[in-house]
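**Q** After the structure tokens below, expect a handful of questions from me.
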Amino acid sequence: ITTTNAGTGTGASDILTVGVPNIDKVFSPTPIQLGQNSTLTFTLGNGTNAAMTAVAFTDNFPAAPQQMVVATPSTTTNTCGGTFTATAGATSVNLTGATIPANSTCTVSVVVTVPTNGAAIATYNNTSGQITAAGPLNGNTASASLVVTQAVPTVNKAFTTMGGLTVGGSQTLSFTVTQP
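Numbered according to my numbering, the sequence shown spans residues 1039 to 1218.
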């Protein structure tokens, strides 16, 4: 490097890597039968050497074919800190003020459900909002699908006559089929 007033110097270079937060999500289990719940887990990642703060995202649940909601009672987990809002019956969840440790991940989860009518039998495709962190740093969105199938009938059987069975005697065997 040469300047007119400071003489000649040596060159310098460096690479500045700016990481952004990332988000992934999964429903478990999927598929579920009509009337069952599934746990939606978000994994937030940080591939940098410094903690990411003020991490936030919102996830609006799909309204079609039927509205997905936070199950009642609301059951959540949160290893990211901050505030994870998931009110029973709500059509969305959000996380604010979280921290993702350096070179690490953290998770938040919520139990969700769909209505129990036949129209709810379908695939629910769900994409979260973009994850953000202080900086401002804008990361990706995350997508996952929940498959809801018809509830499977159950069959129970029982002998309705009590007592022993004698040679040449008879017993009554009853079957009860229940469609949930």
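No residue lacks a Cβ here, since even glycine has one placed at the ideal position from N, Cα and C.
So, using beta-carbon positions, are Pro1139 and Ala1089 closer together than 8 Å?
**A** A contact, by the Cβ cut-off of 8 Å.
**Q** Output the boundary residues of the beta strand (DSSP E) element that contains Thr1077.
**A** Taken as a continuous stretch (DSSP letters only), the beta strand (DSSP E) holding Thr1077 covers 1076 to 1084.
**Q** Whole angstroms is fine: what's the gap from Thr1110's alpha carbon to Pro1100's?
**A** Their backbone Cα atoms lie some 18 Å apart in a straight line.
**Q** Pull up the distance between the alpha-carbon of Thr1113 and that of Asn1132, whole angstroms please.
**A** Cα to Cα, the separation comes out at about 14 Å.
**Q** I want to know whether the stretch 1115 to 1133 touches the stretch 1155 to 1164 - three or more CB-CB distances under 8 Å.
**A** Counting Cβ pairs under 8 Å, fewer than three are found: no touch.
**Q** Mapping DSSP to helix, strand and coil, what is Ala1101?
**A** DSSP places Ala1101 in coil when its eight states are reduced to three.
**Q** Decide if Lys1063 is buried, meaning its Cβ has at least 16 other Cβ atoms within 10 Å, or exposed.
**A** Buried, by the Cβ-count rule.
**Q** Buried or exposed: Thr1216, going by 16 or more other Cβ atoms within 10 Å of its Cβ?
**A** With fewer than 16 Cβ atoms within 10 Å of its Cβ, Thr1216 is classed as exposed.
**Q** Exposed or buried, what is Ala1196 when buried is set at 16 or more other beta-carbons lying within 10 Å of its beta-carbon?
**A** By the 10 Å Cβ count, Ala1196 comes out exposed.
**Q** Just mark Phe1080 as buried or exposed, buried being the case when its beta carbon has 16 or more other beta carbons within 10 Å.
**A** With 16 or more other Cβ atoms within 10 Å, it is buried.
**Q** Looking at the structure shown, is Gly1135 part of a helix, part of a strand, or coil, going by DSSP?
**A** Looking at Gly1135 - three-state DSSP - the assignment turns out to be strand.
**Q** Measuring CB to CB, does Thr1077 end up less than 8 Å from Val1107?
**A** No.
**Q** What's the C-alpha gap between Thr1115 and Thr1143?
**A** Straight-line Cα distance between these residues: approximately 14 Å.
**Q** Helix, strand or coil: how does DSSP classify Ala1182 here?
**A** Note: Ala1182 maps to strand in three-state DSSP.
**Q** Restricting to Cα atoms, I'd like to know which of Gln1104, Thr1145, Ile1070 is closest to Gly1120.
**A** Measuring from the Cα of Gly1120, the nearest candidate turns out to be Thr1145.
**Q** Measure the beta-carbon distance from Asn1141 to Asn1087 and round it to whole angstroms, keeping in mind my assumption that it falls under 8 Å.
**A** Rounded, the Cβ-Cβ distance is 6 Å, consistent with contact.
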